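Colleague:
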Amino acid sequence: MPARIRLQRRGKKKQAFYHIVVADGRAPRDGRFIEKIGTYNPLTIPASIELNFERALYWVNCGVQPSETVRAILRREGVYMKKHLMGGVQKGAFDEAEANKRFETWKTEKLRKISDYKLEVLNKNKSEAKQRLEVENKVKEAKEAILNEKRMAEMEKERKIKEEAEAKAAAERAEKEAQKAAEAETAAEQPADNQEAPAESIEAPEENTEIKDENTEKAE
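Using my numbering, the first residue of the sequence shown is number 7, and each one after it goes up by one.
#1: Does DSSP put Ile167 in a helix, in a strand, or in coil?
#2: Please state the DSSP three-state secondary structure of Gly98.
#3: Which value, in whole angstroms, describes the spacing of the CA atoms of Ala159 and Arg138?
#4: State the CB to CB distance for the pair Gly69 and Lys113, rounded to an integer number of angstroms; the pair is presumed to be in contact (CB under 8 Å).
#5: Identify which residue in Gly93, Arg118, Phe100 has its Cα closest to the Cα of Arg82.
#6: From the DSSP output, in three-state form, read off Arg10 for me.
#7: How should Val145 be labelled, buried or exposed, when 16 other C-beta atoms within 10 angstroms of its C-beta is the threshold for buried?
#8: Leaving out the 5 sequence neighbours to the left and right, which residues in its chain are closer than 7 Å to Asn58 when beta-carbon positions are compared?
#9: Quick one, are the C-beta atoms of Phe109 and Leu91 less than 8 Å apart?
#10: Enumerate in chain order the residues of its own chain whose CB-to-CB distance from Phe39 is below 6 Å, with the five nearest sequence positions on each side excluded.
#11: With a threshold of 8 Å on Cβ separation, who are the neighbours of Val127 within its own chain once the five nearest residues in sequence on each side are excluded?
#12: Closest by CA to Ser121, which one among Ser54, Ala180, Val95?
#13: Do you know whose CA, among Arg16, Lys18, Gly17, Trp65, lies nearest Pro8's CA?
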């Protein structure tokens, strides 16, 4: 089986990045390779690519077929564009200087598009971060409002309980004071009754004296 340009996995779990290698098609995916020509990190936006352009162009000109992902990488980096332009030079359509000029124009435009895309992603991320922050603030405010309502309800409940307790205590004090006043009034009335009783016993003999006087008058 002929050689292929493919990705060789590296990095930790869920943090993978790849080497771009030329390897025998029969070799294990992450086994031995003929040459490493670059790296590919799909975790960044856009993906980060480092490529030995001349070696990649050499292997493509040798007829080595890349995997689908590597083909997309080589197209993005302009390897196939350069191959196409050099084909035009060989056919006599234009000279090598013109080919290089066209390639630089294409590369500048490509870099501009990548830069615009990075800026677009950056602005999008900022906008999304701002929206997330606004949502988080609204959620936070809503939670604080609910907590404040609960606190106010608890404070109102405690206030009512305190008022009821104070009213009950005041009523008990008033009842006790009324009871004491009644007892004092009762105690004040009892000595007066005891003082009136002897007066009646003193008046009784006077009645007897009057009766005696009447009897004396009759005898006379």
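We put the CB at the ideal spot given by N, CA and C, even for glycine. Owing to the predicted nature of the structure, the values given are computational and were not obtained by experimental measurement.
Modeller: In short:
#1: helix
#2: coil
#3: For Ala159 and Arg138, the distance between alpha carbons rounds to 31 Å.
#4: With a Cβ gap of about 24 Å, Gly69 and Lys113 do not count as contacting.
#5: Arg118
#6: strand
#7: exposed
#8: Here Asn58 has Ile43, Gly44 as same chain residues with Cβ atoms under 7 Å from its own Cβ, once five neighbours each way along the sequence are excluded.
#9: Judged by beta-carbon spacing, Leu91 lies within the 8 Å limit of Phe109, meaning their Cβ atoms are closer than that value.
#10: Same-chain partners within the cutoff: Val27, Ala29.
#11: Ile51, Pro52
#12: Nearest C-alpha to Ser121 among Ser54, Ala180, Val95: Ser54.
#13: Trp65
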